[in-house]
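Participant: Encoded as structure tokens, here's the structure I'll be asking about.
Number of protein chains: 2
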Amino acid sequence: MQEEREQGDRARARQVRMIDVANSLGLSRATVSLVMRNSPLVSAATRSAVLAEAERLGYIYNQAAANLRTQRNDLVGLVMPDVMNPFVGEVSLGVQEVLGEVGFFVMIANTVDRVDLQRQILQSLVGHRAAGVVTIPALTATADDFSGIRRSGLPTVLLLRHIDGVDLPFVGTDEEAIGRLGAEHLISVHGCRRVAYFGGDPLASPRVGRMETFRQAVAEAEVEAGEGAGVEWDAVWSEPLEATADAAYRRASELLAAGPPPDGVLCHSDNVAYGLVKALRTHDAPPCAVLGIDDLHQSAMWNPPISSIATDPVELGRVCGRVLLDEMGMPVKGRRTPPAPEIHARASCGCH
Amino acid sequence: MQEEREQGDRARARQVRMIDVANSLGLSRATVSLVMRNSPLVSAATRSAVLAEAERLGYIYNQAAANLRTQRNDLVGLVMPDVMNPFVGEVSLGVQEVLGEVGFFVMIANTVDRVDLQRQILQSLVGHRAAGVVTIPALTATADDFSGIRRSGLPTVLLLRHIDGVDLPFVGTDEEAIGRLGAEHLISVHGCRRVAYFGGDPLASPRVGRMETFRQAVAEAEVEAGEGAGVEWDAVWSEPLEATADAAYRRASELLAAGPPPDGVLCHSDNVAYGLVKALRTHDAPPCAVLGIDDLHQSAMWNPPISSIATDPVELGRVCGRVLLDEMGMPVKGRRTPPAPEIHARASCGCH
DNA sequence: AACACTTGACCGCTGCGCGTT
DNA sequence: CAACGCGCAGCGGTCAAGTGT
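Residue numbers (full-length UniProt numbering), protein chains in the order written: chain A, 1 to 352; chain B, 1 to 352.
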């Protein structure tokens with residue numbers, strides 16, 4: 001303990017600075033600085049001498065000081081509500097890939113979907129003069145929560161959840177296409193006659209986008225089929241609901257106790273589908289085509305395997321990274337529009 | 001486009017500094033500085049005047065500059081191989097809780113289990129003069145990979161995966177207890193006679209710890225039961241294996257094609273258990289008690305619900321945070337030892 | 001004219017030693 | 001003598017404008 005303390009203090013006692021390695025070599029700070037930044041302006045001999053001496057003295061380049069001077073920073077913050085969500089996790093991979101390639105250092109901050117934490121984190125990032133921010137807003141976030149970052153001029157892109165009244169670039173999946181795809185599959189392929197959109201927080205922007213086209217597709221099918229023979233929209237099953245397997249299981253159990261389920265359900269996420277499928281099984285319910293959204297890796301392992309509508313999350317992350325680069329005024333190549341969703345049909349909807 | 005550019009440049013053009021708000025008020029920088037840091041040394045009147053003026057001018061405190069000056073930093077890096085793993089994610093919650101409480105800013109860097117990225121990230125954190133680091137080493141990491149951070153004196157704690165030859169504080173689950181618990185449950189409760197430890201990378205330190213006590217418990221049962229009537233260790237099923245559901249499914253399918261499974265299996269993780277359970281089902285295999293490790297939330301939803309050995313991950317994270325605080329020389333209260341694992345028995349092992 | 005290096009101001013903030021009232 | 005506030009020297013780098021071959 002005593003020893004550790006001493007060691008710690010010693011390490012902190014005297015930091016080796018550029019000037020130390022410069023003096024020790026009879027050079028100026030500037031030269032050492034040039035070496036550290038791989039400038040071609042120093043001779044090879046000097047360069048290797050500096051490098052050797054730096055190593056010998058245990059010199060560690062102070063990036064923070066450099067950042068202060070140059071007024072730029074290589075830290076990009078990913079601010080997200082739930083690191084554990086696999087979809088979100090994969091998106092972060094894509095962002096990291098694109099930004100890492102051009103030398104940025106990507107770190108993730110977890111808001112746990114709390115606006116207060118989100119506010120604090122964004123504030124912190126602004127204060128640290130981060131290079132940029134990618135954020136999936138917390139569920140209850142409003143335009144206010146972004147006024148600070150907006151005014152600061154810190155390049156920011158909003159991901160997945162759109163916030164009304166915030167004029168920041170937004171990158172998200174094509175929710176309209178998802179809703180349409182889901183409805184079409186349930187109605188045209190499986191001939192479902194009573195359908196619902198199950199789960200999802202009422203505040204989450206994806207839910208509203210998907211519902212809109214989903215309902216629209218239902219209405220169109222109704223017309224096509226003619227009066228009476230049409231497709232029905234189940235409003236009760238389509239009430240908003242926390243997007244967890246647990247909540248979905250409980251809600252579905254309640255509804256199943258009250259009556260038969262729709263014969264086709266588009267779930268807000270695969271997690272929701274897991275809960276619904278479990279409820280259908282334990283309640284020995286009549287056949288019901290279940291479709292998830294996100295296509296988590298697990299879904300293929302499920303019993304039954306879960307059909308799901310997928311948007312390539314890694315590519316979505318890449319797109320997001322490119323949009324941010326653009327926002328930072330850097331040259332970018334590659335597509336700037338999110339990938340289109342596609343359906344991965346498996347057993348849970350009746351395909352197999 | 002043109003407009004956006006202009007706007008961006010304007011925001012970047014002139015940063016409002018402390019001295020600007022000081023001048024604008026006829027005060028000195030020092031006074032403004034004291035206000036920004038909530039020092040009691042300034043009068044309430046001055047304080048509110050400063051605050052108002054800062055707001056009016058759009059002044060944003062530069063934390064980075066302050067950090068340079070004070071030689072301290074509030075950034076703590078969590079360096080982990082897989083953000084998506086729910087166990088890891090929950091651990092990060094615990095770390096964040098403890099560290100956040102005392103004012104640190106916790107951010108996560110994803111190594112994707114690649115040593116090169118890990119090296120780069122650690123280097124970056126050292127360069128940025130982070131306050132501390134918590135890291136789950138990449139699978140193939142060696143002592144070398146930590147020599148840099150070791151020499152820098154940056155307070156660091158190793159999480160979950162132990163690396164030989166690295167004298168940094170380590171916090172992990174009690175793998176020995178997990179192995180023992182698993183063996184006992186399978187053998188004593190379910191009367192299994194042929195058991196295995198399924199999955200896990202050979203390099204991962206948890207695997208070796210668990211295997212050791214697992215095999216030991218098997219050997220003891222053997223003796224107790226007497227020659228011939230004993231419990232058998234299945235070496236083939238216990239070969240190392242990547243810890244994913246997919247890999248587990250494929251391997252189990254192969255082995256099942258060659259012969260019957262053990263009647264009791266402790267899986268390296270819940271994910272591995274998912275793959276095994278699916279294989280058992282699709283191959284219509286004889287009864288086999290399956291135990292996972294981690295108890296992910298999903299496991300209770302599975303069909304059948306997966307039995308699992310759990311260590312409270314959030315508490316583990318808290319412990320880890322406290323150890324880091326200690327390492328940073330800060331006062332800490334609360335336990336400094338990881339929580340004990342416990343078994344959550346469900347249907348997959350035959351309990352229900 | 002090109003090369004190899006140096007000089008000194010500065011990035012935005014803090015902390016110490018001193019005035020004022 | 002409190003209570004308030006000021007000036008200045010850094011923190012560890014970078015960069016434009018030199019100097020000397």
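Ideal Cβ placement from N, Cα and C applies to all residues, glycine included.
Just so you know, these numbers come straight off a predicted model, no measurement behind them.
(1) With DSSP as the reference, label Cys192 of chain B as helix, strand or coil.
(2) Please report how far the alpha carbon of Thr111 of chain B lies from the alpha carbon of Ser92 of chain A, in whole angstroms.
(3) Please name the residues in the stretch 34-64 of chain A whose beta-carbon is closer than 8 Å to at least one beta-carbon of chain B, in chain order.
(4) Could you pull the DSSP bridge partners for Ile343 of chain B from this structure?
(5) In this structure, how does DSSP classify Met107 of chain A when only helix, strand and coil are distinguished?
(6) Taking Cβ-Cβ distances shorter than 7 Å, what residues in chain B pair up with Val102 of chain A?
(7) Which whole-angstrom value is the C-beta distance of Arg193 of chain B and Val231 of chain B, which I expect to be below 8 Å?
(8) Alpha carbon to alpha carbon, what distance is there between Val290 of chain B and Glu252 of chain B?
(9) For Gly317 of chain A, which of A:Glu239, A:Val133, A:Ser269, A:Ala345 has the nearest alpha-carbon?
(10) What separation, rounded to the nearest whole angstrom, lies between the Cα atoms of Asp20 of chain B and Met36 of chain B?
(11) Give the straight-line distance between the Cα atoms of Ala138 of chain A and Leu203 of chain A, rounded to the nearest whole angstrom.
(12) For Ala245 of chain B, decide whether its Cβ has a neighbour in chain A, counting only Cβ atoms nearer than 8 Å.
(13) Rounded to a whole number of angstroms, what is the C-alpha to C-alpha distance between Gln118 of chain B and Pro287 of chain A?
(14) With a threshold of 8 Å between beta carbons, is Met107 of chain B in contact with chain A?
(15) Could you tell me which whole beta strand (DSSP E) segments of length 3 or greater appear in the stretch 103-150 of chain B?
(16) Grab me the residues of Tyr59 of chain A's own chain with a C-beta within less than 6 Å of its C-beta, minus the 5 sequence neighbours each way, in chain order.
(17) Taking only the alpha-carbon atoms, compute the straight-line gap between Glu85 of chain A and Thr173 of chain A and give it to the nearest angstrom.
(18) Here's the rule I'm using: 16 or more other beta-carbon atoms within 10 Å means buried, otherwise exposed. How should Gln63 of chain A be labelled?
(19) Express the C-alpha separation of Val83 of chain B and Ala143 of chain B in angstroms, rounding to a whole number.
(20) Does Cys320 of chain A come out as helix, strand or coil in the three-state DSSP assignment?
(21) Using the beta-carbon of each residue, which ones in chain A are nearer than 7 Å to Gln118 of chain B?
(22) Can you list, in chain order, the residues of its chain with a C-beta nearer than 6 Å to that of residue 353 of chain A? Leave out the 5 residues immediately preceding and following it.
(23) Taking Cβ-Cβ distances below 7 Å as the criterion, which residues of the stretch 250-283 of chain B are in contact with chain A?
(24) Let me know if Leu266 of chain A comes out buried or exposed under the rule of 16 or more other beta-carbons within 10 Å of its beta-carbon.
(25) Go ahead and label Ala284 of chain A buried or exposed: buried means 16 or more other beta carbons lie within 10 angstroms of its beta carbon, across all protein chains shown.
(26) Report the rounded CA-to-CA distance for Asp295 of chain A versus Glu212 of chain A, giving the unit in angstroms.
(27) Cβ of Met107 of chain B within 8 Å of Cβ of Ala141 of chain A?
(28) In the DSSP assignment, what are the bridge partners of Phe198 of chain B?
(29) I'd like the list of long-range same chain contacts for Phe87 of chain A, defined as Cβ closer than 6 Å, with 5 residues on each side in sequence excluded.
(30) Does any C-beta atom of chain A lie closer than 8 Å to the C-beta of Glu3 of chain B?
(31) Taking only beta-carbon positions, decide if Asn110 of chain A is within less than 8 Å of chain B.
(32) Starting from Met80 of chain B, trace the beta strand (DSSP E) in both directions and tell me its first and last residue.
(33) Quick one, which of B:Tyr197, B:Arg207, B:Val236 has its alpha-carbon nearest Val218 of chain B's?
(34) Run through DSSP, which three-state label would Ala243 of chain A get?
(35) Answer yes if the stretch 67-84 of chain A comes into contact with the stretch 122-132 of chain A, meaning at least three C-beta pairs across the two stretches below 8 Å, and no otherwise.
(36) If the cut is a Cβ gap below 9 Å, which residues of chain A does Gln216 of chain B touch?
Facilitator: Answer, in terms of the structure:
(1) Residue mapping note: residue 192 of chain B aligns to position 192 of the second sequence, counting from 1. Of the three classes helix, strand and coil, the one that applies to Cys192 of chain B here is coil, per DSSP.
(2) As a first step, residue 111 of chain B is located in the second sequence; it is residue number 111 there, counting from the start. As a first step, residue 92 of chain A is located in the first sequence; it is residue number 92 there, counting from the start. When rounded, the distance between both Cα atoms is 12 Å.
(3) Gly58, Ile60, Tyr61, Asn62, Gln63, Ala64
(4) Mapped onto the second sequence, residue 343 of chain B falls at position 343. Answer is B:Ile309, bridged to Ile343 of chain B.
(5) By 1-based counting over the first sequence, the position of residue 107 of chain A is 107. In this structure, Met107 of chain A counts as strand in the three-state DSSP scheme.
(6) The count along the first sequence starts at 1 and reaches residue 102 of chain A at position 102. Those do not exist, as Val102 of chain A stays about 14 Å from chain B at its closest Cβ, beyond 7 Å.
(7) Within the second sequence, numbered from 1, the residue matching residue 193 of chain B stands at position 193. Within the second sequence, numbered from 1, the residue matching residue 231 of chain B stands at position 231. That pair is a contact at about 6 Å.
(8) By one-based count along the second sequence, residue 252 of chain B stands at place 252. By one-based count along the second sequence, residue 290 of chain B stands at place 290. Note that residue 252 of chain B is Ala in the sequence shown, not Glu. Computed Cα separation, rounded: 12 Å.
(9) Within the first sequence, residue 317 of chain A is the residue found at index 317, counting from 1. If we check each option's Cα against that of Gly317 of chain A, A:Val133 comes out closest.
(10) Position 20 of the second sequence, counted from the first residue, corresponds to residue 20 of chain B. Position 36 of the second sequence, counted from the first residue, corresponds to residue 36 of chain B. Those two C-alpha atoms are separated by around 14 Å.
(11) Counted from its first residue, the first sequence places residue 138 of chain A at position 138. Counted from its first residue, the first sequence places residue 203 of chain A at position 203. If I take the Cα positions, the gap works out to 10 Å.
(12) The sequence position of residue 245 of chain B within the second sequence is 245, counting from 1. Taking Cβ atoms only, chain A reaches closer than 8 Å to Ala245 of chain B, which makes this a yes.
(13) For the purposes of this step, residue 118 of chain B is taken as residue 118 along the second sequence, with counting starting at 1. For the purposes of this step, residue 287 of chain A is taken as residue 287 along the first sequence, with counting starting at 1. So the two alpha carbons sit approximately 49 Å from each other.
(14) Walking along the second sequence from the start, residue 107 of chain B turns up at place 107. Chain A contact via Cβ: present.
(15) 105-110, 132-135
(16) Stepping through the first sequence from its first residue, residue 59 of chain A is reached at position 59. These residues qualify, in order along the chain: Val16, Val21.
(17) One-based indexing of the first sequence puts residue 85 of chain A at position 85. One-based indexing of the first sequence puts residue 173 of chain A at position 173. Position check: residue 85 of chain A holds Asn in this sequence, whereas Glu was assumed. Looking at the two C-alpha atoms, the distance is approximately 16 Å.
(18) What you label residue 63 of chain A is simply residue 63 of the first sequence in a count that begins at 1. When all chains shown are included, Gln63 of chain A counts as buried.
(19) Counting from one through the second sequence, the residue named residue 143 of chain B turns up at place 143. Counting from one through the second sequence, the residue named residue 83 of chain B turns up at place 83. So the alpha carbons of these two residues sit roughly 23 Å apart.
(20) Working through the first sequence from its first residue, we reach residue 320 of chain A at position 320. Helix.
(21) Here residue 118 of chain B is taken as the residue at index 118 of the second sequence, counted from 1. Within 7 Å Cβ-Cβ: nothing; Gln118 of chain B doesn't reach chain A, min ~13 Å.
(22) Residue 353 of chain A lies beyond the stretch modelled for chain A, which goes from 1 to 352, so this question has no answer here.
(23) Tyr274, Gly275, Lys278, Arg281
(24) Here residue 266 of chain A refers to the residue found at position 266 when the first sequence is read from its first residue. Classification of Leu266 of chain A: buried, given that the 10 Å Cβ count is 16 or more.
(25) Here residue 284 of chain A corresponds to residue number 284 of the first sequence, with the count starting at 1. For the record, residue 284 of chain A in the displayed sequence is Asp; it is not Ala. Label assigned to Asp284 of chain A: exposed.
(26) To locate residue 295 of chain A, count along the first sequence from 1; it is residue 295. To locate residue 212 of chain A, count along the first sequence from 1; it is residue 212. Whole-angstrom Cα-Cα distance: 21 Å.
(27) Position 107 of the second sequence holds residue 107 of chain B. Position 141 of the first sequence holds residue 141 of chain A. No, they are not a contact pair.
(28) As a first step, residue 198 of chain B must be located in the second sequence, where it is residue number 198. According to DSSP, which records beta bridges pairwise, Phe198 of chain B is partnered with B:Cys267.
(29) The count along the first sequence starts at 1 and reaches residue 87 of chain A at position 87. Contacts found: Asp294, Pro313.
(30) The residue you call residue 3 of chain B lines up with position 3 of the second sequence. Residue confidence is low: Glu3 of chain B scores 32 on pLDDT, short of 50, so the model does not pin down where it sits. Its coordinate-derived value is still stated next. So, not an interface residue.
(31) Mapped onto the first sequence, residue 110 of chain A falls at position 110. Asn110 of chain A counts as touching chain B.
(32) Here residue 80 of chain B refers to the residue found at position 80 of the second sequence. From DSSP, the beta strand (DSSP E) with Met80 of chain B extends over 75-80.
(33) By one-based count along the second sequence, residue 218 of chain B stands at place 218. Answer by Cα proximity: B:Tyr197.
(34) As a working mapping, residue 243 of chain A is identified with position 243 in the first sequence. Of the three classes helix, strand and coil, the one that applies to Ala243 of chain A here is coil, per DSSP.
(35) yes
(36) Start at 1 with the first residue of the second sequence, and residue 216 of chain B comes out as number 216. In chain order: nothing, as chain A lies at least about 32 Å away.
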